[in-house]
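Only one structure is covered here, and it is reproduced in the block below.
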Amino acid sequence: MVAHLNEDNLYFPVSNLAELHAISSYGGRARIKISGEFTTAEFINGCRTERLTHLWVATDTGKCWRWLREFPQPRFFTIETPLPPWM
459 MVAHLNEDNL YFPVSNLAEL HAISSYGGRA RIKISGEFTT AEFINGCRTE
509 RLTHLWVATD TGKCWRWLRE FPQPRFFTIE TPLPPWM
C-alpha cells in the first residue's frame with residue numbers, strides 16, 4: 459500500500475529498521491519522520507539519502523547533529539525532542 463501512496467506533502471514514519479528497509483525498497487521517500495529507536499548510522503545506511511528532502515526527527519538521536527550532512531539535498535528539518543526531566 460505504501461508504494462502506491464502519493465507522497466506529496468506526506469511524511470512517512472519509520473519506527474524500526476524493518477519499516478526503514480521497506481520504504482527504501484520502494485525507492486525511498488522525500489519526506490521521512492524518524493519516530494523509532496535506532497542509531498543515526500542505521501538510519502543513514504538504510505535510507506535513500508539522495509531522495510530525502512524533508513526530515514522530521516521525533517526521537518532522541520543524541521547530542522551530535524553532524525550526521526545530517528549526509529543528506530545531499532535537504533530543504534527542511536523538523537526537530538522534535540522531549541523536554542529535559544527538570545523542565
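Take 459 as the starting number for the sequence shown in the working numbering and just add one per residue.
We put the CB at the ideal spot given by N, CA and C, even for glycine.
Spatial distance of residue i from residue j (CA atoms)
i           : j           : result
residue 511 : residue 521 : 22 Å
residue 486 : residue 524 : 22 Å
residue 490 : residue 513 : 5 Å
residue 484 : residue 509 : 11 Å
residue 492 : residue 475 : 11 Å
residue 534 : residue 468 : 13 Å
residue 463 : residue 478 : 16 Å
Test item: CB-CB of residue i and residue j under 8 Å
i           : j           : result
residue 539 : residue 518 : yes
residue 494 : residue 515 : no
residue 465 : residue 480 : no
residue 530 : residue 497 : no
Range covered by the beta strand (DSSP E) that runs through residue i
i           : result
residue 536 : 534 to 537
Minimum Cβ-Cβ distance from residue i to chain C less than 8 Å
i           : result
residue 515 : Absent from the structure: chain C. Only one protein chain is present.
Entirely enclosed alpha helix (DSSP H) segments - the region 466 to 530, minimum 4 residues: Runs of alpha helix (DSSP H) with 4 or more residues, each lying fully within the region 466 to 530, are found at 475 to 483 and 498 to 504, listed in chain order.
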